[in-house]
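Number of protein chains: 4
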Amino acid sequence: MAGNIFGNFLQLASFGESHGVAIGGVLDGFPSGITIDLEQITFELNRRRPGQSQWVSSRNEPDAVEFLSGIYKGVSLGTPIAFIIKNTNQQPDDYEHLEDVFRPSHADFTYQTKYGVRDHRGGGRASARETSARVVAGALAKQMLAKAGITLQAYVNRIGAVAIDQPYYDLDLSQTEKSPLRCPDPEISSAMEEAISIAAKTGDTLGGEIICIIHQVPVGLGEPVFNKLHADLARAIMGINAVKGFEIGSGFKAASMTGSEHNDLFVEENEKVHTLTNFSGGIQGGISNGEDIYFRVAFKPVSTLMKPQLSIDKEGNQVVVQGKGRHDVTVVPRAVPIVEAMAALVIADHFLMNRMARF
Amino acid sequence: MAGNIFGNFLQLASFGESHGVAIGGVLDGFPSGITIDLEQITFELNRRRPGQSQWVSSRNEPDAVEFLSGIYKGVSLGTPIAFIIKNTNQQPDDYEHLEDVFRPSHADFTYQTKYGVRDHRGGGRASARETSARVVAGALAKQMLAKAGITLQAYVNRIGAVAIDQPYYDLDLSQTEKSPLRCPDPEISSAMEEAISIAAKTGDTLGGEIICIIHQVPVGLGEPVFNKLHADLARAIMGINAVKGFEIGSGFKAASMTGSEHNDLFVEENEKVHTLTNFSGGIQGGISNGEDIYFRVAFKPVSTLMKPQLSIDKEGNQVVVQGKGRHDVTVVPRAVPIVEAMAALVIADHFLMNRMARF
Amino acid sequence: MAGNIFGNFLQLASFGESHGVAIGGVLDGFPSGITIDLEQITFELNRRRPGQSQWVSSRNEPDAVEFLSGIYKGVSLGTPIAFIIKNTNQQPDDYEHLEDVFRPSHADFTYQTKYGVRDHRGGGRASARETSARVVAGALAKQMLAKAGITLQAYVNRIGAVAIDQPYYDLDLSQTEKSPLRCPDPEISSAMEEAISIAAKTGDTLGGEIICIIHQVPVGLGEPVFNKLHADLARAIMGINAVKGFEIGSGFKAASMTGSEHNDLFVEENEKVHTLTNFSGGIQGGISNGEDIYFRVAFKPVSTLMKPQLSIDKEGNQVVVQGKGRHDVTVVPRAVPIVEAMAALVIADHFLMNRMARF
Amino acid sequence: MAGNIFGNFLQLASFGESHGVAIGGVLDGFPSGITIDLEQITFELNRRRPGQSQWVSSRNEPDAVEFLSGIYKGVSLGTPIAFIIKNTNQQPDDYEHLEDVFRPSHADFTYQTKYGVRDHRGGGRASARETSARVVAGALAKQMLAKAGITLQAYVNRIGAVAIDQPYYDLDLSQTEKSPLRCPDPEISSAMEEAISIAAKTGDTLGGEIICIIHQVPVGLGEPVFNKLHADLARAIMGINAVKGFEIGSGFKAASMTGSEHNDLFVEENEKVHTLTNFSGGIQGGISNGEDIYFRVAFKPVSTLMKPQLSIDKEGNQVVVQGKGRHDVTVVPRAVPIVEAMAALVIADHFLMNRMARF
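Residue numbers (numbering that gives the first Met the number 0), protein chains in the order written: chain A, 0 to 358; chain B, 0 to 358; chain C, 0 to 358; chain D, 0 to 358.
As structure tokens, then:
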């Protein structure tokens, strides 16, 4: 209700300010009997972590997760799984000058006005650091889904003006993690690096796109009419910091297509119903149809610039703001595991709920 | 949970199959003391209704809403407002041939597989007829919002290949309802009519886009981090039949922009904080900032075609399907009030919840 | 949230004022594939209905339920089941004198103060007539539970000073419905009739107790720690009009017992774990243990008296109020199906949720 | 949904097993701008803590709470308040013998059957240690309520056969905390000590009763019909370990009363509506009426006995169990702050929600 609890049955309560004691979460509704691979969770956290390459920030947050409950002898108990990630390496001096300032396109002004108080350090609750909790919970969800054969893969499709042209199924997605920018096409990846390098020189930042594919989702997930599977995915993804757009399947292209182009014809293959095309993006009437689910996400460029910008302070006085320390030129590569995590939570939630559809 | 209840505090429980006895809803959490204008609700229903022009279908559903509770002497009681719209003018014969058939890009196959049974007549629960309940509830929400000075306006920005080029603030939106297609630009509206006419001749259908603007939203609406205002809007809108994409503010364009282009600089005007540009779309950090909220929605073309398509039946046998009776070439103009209704429900819900942010 | 939606996964949205157009409900989350016995639902409604005997009121509400959705060819679709019961036989003249009056121990004053407006006719939303919607939804839940072998039985254990002494398992509960007061002991039933007769003569009213037993609940229902099965039952039952107390198993007697008296010892019988006694009331740690679940409920006497009482009106002026028309001397016998209905909704809800406990 | 998140708008996500790393909670929806008194929270935790007297256990859990988020410079931010209490002083050897055993009237059997796995150490998730998280969250709620003038007081009304006879308003409740058993009547308190002493000698345990009073609740709290204020209180209280019964106001006594005895007559005093008696317990039609809210709670005797009992293990073999270490003879005095905490959470939740009743 107050915005920090996510999910229908599988629920994540997330907490933490960027420079508070810790961030973390409580995952309720996770079923018992699942062996938890802690290394896999650390691997996912490291994918989100700053300082992975020269391009994507260089602060060094260790992001070590500690599990407090819900797992016993390596197996989930069916009770809430709580975890924390302590905030270390804080340099509050970097933020003192921002206490009374509203940075452009940040949440400073809106939080201050809504709540009357705020923790300005590092963006407080509005910091993307909060998404670490989502990555941990998503990693747990992935392990549950893996037991059902469901897997997720996301990749960077665009950084600024540089984008991949082909659809996902024409790419070799096994190359994604080999690219420092999580772009499966090596040439495009290099071009992206160049674009970032140019933006960095002028103290500017870049946005981009991520595409995510979910494989082997069984038919039947999704609760029409308001919790259509893609509607819940949209909410999950649009709730990630800096996301401005979401499309499922054909997306905005569908608006220019005719019905005869867009309709996915059914065939039966090996006694399984299948569609010849997949403009639907694996979801029809809000319910998964067994095809690949895929969606595209737009990220705006990072708001913190390394060059001066005009803004105002709480009293309305004009001030000049400029990022201190080191900040990401683009967050899109680091957002890949976050997108996967949120998608995994949605699919896992609906996977469980679908057990109740029939008597 | 099971998908038919929408909202956090202000909750709509929707029900009804296309060819059942009635569709309707129960709106809980609607505050007391609001004078209800029933004519305004009928007006909104008529905007959604088929048969408004030669282009957008020609079945003639009367869609008369009956209120059953929650209103006494014309004023809301604070108790649930229940309403029904009876299903009349049903021609079940039109659907008999579809009982065992999975129409392409419809919800036939997924419903059948999820539930094991379905009401195939007119799409059953998956029919867009269900959105009438949303329009009624949204009309109530609009009346509440109007008391707070908040208004919504949506319009058709694209039908198939024909689209408006300018941003919303360069259009004369007072012209929207004068166009049979709810396109505020008369020339584009005519071009859209032509495109529809051509599609109709070949038994084909068209998709399109709607842009919606919400004016005078006070600063502070939205519950970070998972119920960001645009995340809840995204879920609401993506849950409308045929929607494939959603973007807030700059949307997918943001992905190609730099931070210095995209940042909305703050200024103070008349002791009010204001931004010089509005790429944020009126929402920062998930919370409204007082600027116009605007978003764009993509609709796929109608799946029911007036020409034969190959498909399969329940047993996997190949069959040919073709729409009978009269169907919409495009639903986008009729979707305008539905988009507004869902947006109004989200804003009203957050308007109420925001009362709890501070002690 | 606003109080008119009940349940976790299986959710009932209830609506209606006593003298509005209709009362009814929308039951979401009811699984597909259950054959619905409409006569059984009418039977349950008739058990709740006034005018069943000389003692329990004599208004004649027909209470005919109409189903609007969610059932097709007699089978549940998995979509919301909506139903209405029209309010007929209203005699608003009976209530005109109460428009500005706060009747003692009614909800007149609290509703008026909370909402600023109210529908005073027949108690409006606070009328026990609202419980008809619960009985219908509960009757559906019972049919689902019956498929799993779970049954419920409630009976009147006390009217005023007249009470049954034995525990439920020493009674012949098959006699319950043969008694006009739903008391399975014929002698006690007669004594209760006499007590009611005496109270009626003086225009007074009586309270009482109901005991409810739920048989064949499988082990594992209940979600610790906050949705313990008996906690959800308590909320369900305490939300019935006029209920003042709830106890599970040993209840208040447990407070005076020692641990060695109260502990239920486990034994294994026919490879099934079983307890020798059942002070736990079939629930341990919030989870059903396979024994009978039983609980006791206290009802206060009806607040509307057929003799004059002092009260005040909205302006604080002293007034005299007295019931007009015919009112129940006691509602306890009519509350038996309501208690069963609410318990059935809770058990059905937890029955479904328990499917998600394990991977 | 899965039972570990409590509340409607103000939501507590609780986590932790007795002998895991830590227990704790996340409180979402707590409004911003409230100065937090940490000492008061420690005070409440100490009231719940074992080892307070010779009678109520003698393990020595330090129960030091650490706040991780949601508070900045001593003031609530409106973001989630997370806190943990580390589990120290664990003596797992005390529990090894219980790994495969089902202790009588404990949750061992039901957890094992529901989840297939369990953390048997100290009761795992079913341990009353979990209630520490409730006490912390309740202490926060109390601080919010105190700003609105609302206070809560609970006391021990019965231990085993020894009980207070007078109603709460005839007692000097300022004496409650001076009694080691939280019994405001010094003589009864001594008699209770004696009863405990006798039970201790035989290795037996005792149950009891708590009465809780909530003062200065404004008129209007409570959401009819399913979230009646006393229904939400009942769920909250029945969810506390060992609770078997709950009654509001007149409670079970109401069942034997007549309407003319039970009705609370309205009067106006100093322009405020008031009732001459308060059998309603401060709630009418589910909504607070401004009078004292009071309720009574029954606790069963502690299940762990210091004398041998027959039971079975997982394989159904007969075993003998007996508590090791030191256990409470009665938990009722320690449950006083838990009852207050849960009641405070409910009242605070409804206090916030009531802001939305009217436009």
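Ideal placement from N, C-alpha and C gives every residue a C-beta, glycine not left out. All figures in this text were calculated on a predicted structure; none of them were measured in a lab.
- Judged by their CB atoms, N3 of chain C and D27 of chain B are nearer to each other than the 8 Å cut-off.
- Taking L205 of chain B as reference, the option from B:P217, B:V218 and B:M191 with the minimal CA-CA separation is B:M191.
- Look at A356 of chain A here: in three-state DSSP terms it is coil, with no helix or strand label.
- Look at E16 of chain A: its C-beta is under 8 Å from a C-beta on chain D.
- Within its own chain, the residues whose Cβ lies closer than 7 Å to the Cβ of I195 of chain D, once the five positions on either side in sequence are excluded, are W54, I158, L205, V328 and T329, listed in chain order.
- The beta carbon of I346 of chain B does not come within 8 Å of any beta carbon belonging to chain C, so the residue lies off that interface.
- At the C-beta level, S287 of chain D and V216 of chain D come within 8 Å of one another.
- Residue state for G248 of chain A is assigned as coil, using DSSP reduced to three classes.
- Within the stretch 66-92 of chain D, the residues whose Cβ lies closer than 7 Å to some Cβ of chain B are G77, listed in chain order.
- Annotation: the continuous alpha helix (DSSP H) that includes D107 of chain C extends over D107 to Y114.
- Of all alpha-carbon atoms in D:G32, D:E38, D:G315 and D:F82, the one lying nearest the alpha-carbon of D118 of chain A is that of D:G32.
- Contact annotation for G258 of chain C against chain D: D203, T204, P300, V301, S302 and L304 [CB-CB distance below 7 Å, chain order].
- Cβ contact annotation for I83 of chain D (same chain, cutoff 6 Å, sequence separation greater than five): A21, G23 and E65, in chain order.
- DSSP places N240 of chain B outside any alpha helix (DSSP H), giving it a letter other than H or E.
- According to DSSP, residue pairing for Y71 of chain B in a beta bridge involves B:V74.
- In its chain, beyond the 5 residues on either side, L304, M305 and K306 have a beta carbon closer than 6 Å to the beta carbon of G202 of chain B.
- Under DSSP, C211 of chain D takes part in a beta bridge, and its partners are D:A153 and D:F294.
- Here the C-alpha atom of I187 of chain C lies approximately 18 Å from the C-alpha atom of F298 of chain C.
- Apart from the 5 residues on each side of it in sequence, P183 of chain C sits with its Cβ closer than 7 Å to the Cβ of Y154, L170, D171, L172, Q174 and T175 in its chain, given in chain order.
- Distance from the CA atom of I209 of chain B to the CA atom of H105 of chain A, rounded to whole angstroms, is 27 Å.
- Distances from the CA of I212 of chain B to each of B:V338, B:F108 and B:R120 were compared; the closest alpha carbon is that of B:V338.
- Across the structure, Y167 of chain C and R47 of chain B are spaced so that their CA atoms are roughly 58 Å apart.
- Beta-bridge pairing by DSSP links L309 of chain A to A:V319.
- DSSP places A1 of chain B in the coil class of the three-state scheme, outside both helix and strand.
- Around V318 of chain B, the same chain offers V100, S310, I311 and D312 as residues with beta carbons nearer than 7 Å, after the five sequence neighbours per side are excluded.
- For N7 of chain A, the chain D residues whose C-beta falls within less than 8 Å of its own C-beta are M0, listed in chain order.
- Neighbours of V116 of chain D in chain A, taken as residues whose beta carbon is under 9 Å from its own, are S31, G32, Y71, K72, V74, S75, L76 and G77 in chain order.
- S189 of chain D carries a helical assignment under DSSP once its states are collapsed to helix, strand and coil.
- In terms of Cβ geometry, M143 of chain A and A347 of chain A form a close pair [threshold 8 Å].
- DSSP, reduced to helix, strand and coil, places S13 of chain A within a strand of the structure shown.
- Secondary structure at Q51 of chain A: coil, using DSSP grouped into helix, strand and coil.
- Between I149 of chain B and the set B:G315, B:S302, B:P332 and B:E290, the nearest pair of CA atoms involves B:E290.
- Counting only Cβ-Cβ distances below 7 Å, D27 of chain B has contacts in chain C at A1, N3, I4 and A12, in chain order.
- Between the alpha carbons of R102 of chain B and P79 of chain C lies a distance of about 23 Å.
- Against chain C, the CB of K227 of chain A has no partner CB under 8 Å away; the residue lies outside that interface.
- For G285 of chain D, the closest alpha carbon among the candidates C:R325, C:F14, C:E268 and C:R234 is that of C:R234.
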